[in-house]
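Novice:
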Amino acid sequence: MTMQEAMAARHTVRSYTDRELPEEVCAQLWARIQANNDLCGLAMSLVTENTDAFSAPLKLVLAKGVRNYIILAAQAGKDTGDTEEVLGYCGADVMLYAQTLGLNTWWVGGTFSRKGVQKNAPAGTGAIAGVIAVGYGAEQGKPHKSKRPEDISSYNGAAPDWFQNGVAAVLLAPTALNRQAFTIRGDGRTVSMTCHNGRFSAVDLGIGKYHFELGAGKENFTWA
Ligand SMILES: Cc1cc2nc3c(=O)[nH]c(=O)nc-3n(C[C@H](O)[C@H](O)[C@H](O)COP(=O)(O)O)c2cc1C
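In my numbering, each residue carries its 1-based index in the sequence shown increased by 1120.
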């Protein structure tokens, strides 16, 4: 499965089987996480066979069988103004990579147990922006209700294929409360993108930009 195919196949999955992640899969996930950490100065990490990411009541009703998760955080003391957008961007890379390995995921920015996750975070982990639950899903999830391309985008003149493909990819991305609160504008080979989704605006924007690049092809445009 390519990363492009992973965008279409990925849906939020909140229930997981008890199948452990094989060693090889853990190693592949860790390598991808490390590559992103090195590139962007982050401290994302993978926690396996651990059920502390959700409170007991939530585990009963929603977060069923979550036993592995990726912690989304910068290095302690290295938070910059754009950390959340970078975590959205890099987290999206790891999330879609997990899908190519046959795994399912669930991005959680609000309803995780901060205390439980903190307890399992490696030394040097900064402020935690969320977690991505990862594992073998009890199901594959289903496509979310979606806005239309014209609801979130405009292009000066006739939109080229790469722009339309980029917008279509953004509409596949996970967003907090499924808001898809993006505004994407294209002019020639320049694209701008903003997101207004309350406290999750920056994370959603990073996820959205990653999807746009995968859909449009980075070689076809530059960010404004
Ligand atoms: C930044 C962010 C935060 C999220 N926070 C939560 C959360 O706290 N609880 C939850 O159940 N889902 C959360 N989600 C998952 C979204 O509800 C889900 O991605 C959205 O409904 C779209 O569905 P899809 O992922 O299947 O495309 C979050 C997603 C994102 C991107």
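Ideal Cβ placement from N, Cα and C applies to all residues, glycine included.
In chain order, what residues of the same chain have a beta carbon less than 6 Å from the beta carbon of A1322, not counting five sequence neighbours either side?
Specialist: E1204, E1205
Novice: Should A1258 and I1248 be called a contact, given that it needs their Cβ atoms to be closer than 8 Å?
Specialist: no
Novice: Measuring straight from C-alpha to C-alpha, what distance separates L1291 and K1267?
Specialist: 7 Å
Novice: Taking 6 Å as the limit between beta carbons, can you name the residues of its chain near D1307, skipping five residues before and five after?
Specialist: N1276
Novice: Looking at N1276 and ligand 1, is the gap between the Cβ and the nearest heavy atom below 7 Å?
Specialist: no
Novice: Just checking T1231 against ligand 1 - is the residue's beta carbon closer than 7 Å to any of the ligand's heavy atoms?
Specialist: Answer for T1231: yes, Cβ within range of ligand 1.
Novice: Taking 8 Å as the cut-off, decide whether the C-beta atoms of F1302 and C1315 are in contact.
Specialist: yes
Novice: May I have the straight-line CA-CA distance separating N1298 from F1283, to the nearest angstrom?
Specialist: 22 Å
Novice: Measuring straight from C-alpha to C-alpha, what distance separates D1202 and R1234?
Specialist: 21 Å
Novice: Within 10 angstroms of its Cβ, does M1121 collect 16 or more other Cβ (buried), or is it exposed?
Specialist: exposed
Novice: In whole angstroms, give me the CA-to-CA distance for G1250 and F1341.
Specialist: 30 Å
Novice: With distances taken from CA atoms, which of W1227, G1229, R1130, V1167 is nearest E1143?
Specialist: V1167
Novice: Can you determine whether any heavy atom of ligand 1 sits closer than 7 Å to the C-beta of P1294, and answer yes or no?
Specialist: yes
Novice: Considering only their Cβ atoms, is the gap separating L1223 from A1289 smaller than 8 Å?
Specialist: no
Novice: Alpha carbon to alpha carbon, how far is L1182 from P1263?
Specialist: C-alpha separation (whole angstroms): 18 Å.
Novice: Does DSSP classify L1162 as helix, strand or coil?
Specialist: strand
Novice: Please go through the same chain and pick out, in chain order, the residues whose beta-carbon is closer than 8 Å to the beta-carbon of T1132, but skip the five residues on each side of it.
Specialist: T1225, W1226, W1227, G1261, H1264, P1294
Novice: Verify the contact flag: V1323, CB atom, against every heavy atom of ligand 1, threshold strictly below 7 Å.
Specialist: Yes; taking the cut-off as 7 Å, the Cβ of V1323 has a heavy atom of ligand 1 nearer than that.
Novice: If you reduce the DSSP assignment to three classes, tell me which class F1174 lands in.
Specialist: coil
Novice: Can G1255 and Y1136 be called in contact, C-beta distance under 8 Å?
Specialist: yes
Novice: For Y1217, which of helix, strand or coil comes out of DSSP?
Specialist: helix
Novice: On the CB-based measure, 16 or more other CB atoms within 10 Å of its CB, does G1211 come out buried or exposed?
Specialist: buried
Novice: In whole angstroms, give me the CA-to-CA distance for M1127 and A1176.
Specialist: 31 Å
Novice: Please report the straight-line C-alpha distance between S1274 and L1180, rounded to a whole angstrom.
Specialist: 43 Å
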